[in-house]
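> Numbering (the working numbering), first residue to last: 87 to 170.
Let me give you the structure first, and then I'll get to my questions.
This is how it looks when you write it as structure tokens:
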């Protein structure tokens with residue numbers, strides 16, 4: 087139902103269209119968390135996933151949206167260097 091509403095609504099910056107292109111789990115997490123405001127534990131219960139997995143899908147979804155919309159990367163923690 088949400089997919090249908092997003093298709094009808096459209097957006098001037100392409101955000102809704104980009105959300106519609108996400109894989110199913112990423113789409114579900116992004117919609118439930120950012121459009122409907124559900125907390126992670128509730129999303130995890132609904133999807134039958136661990137809360138950490140929900141967070142993972144949320145991060146991946148946001149990263150795909152950032153790339154699709156041509157937004158700059160947000161500076162974060164530097165990745166740990168692998169010792170050899």
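From the three backbone atoms N, C-alpha and C, an ideal C-beta is built for every residue, glycine too.
This one's a predicted model, so the numbers in the text were calculated from it and none came from an experiment.
For residue 102, does the three-state DSSP call read helix, strand or coil?
helix
> Around the Cβ of residue 147, are there at least 16 other Cβ atoms within 10 angstroms (buried) or fewer (exposed)?
buried
> What does the alpha-carbon distance come out to for the pair residue 111 and residue 143?
7 angstroms
> Expressed to the nearest angstrom, what Euclidean distance is found between the alpha-carbon atoms of residue 154 and residue 104?
7 angstroms
> Using 10 angstroms around the beta-carbon of residue 145, count the other beta-carbons present and answer buried if the total reaches 16, otherwise exposed.
In summary, residue 145 is exposed, with fewer than 16 beta-carbon neighbours lying within 10 Å of its beta-carbon over all protein chains present.
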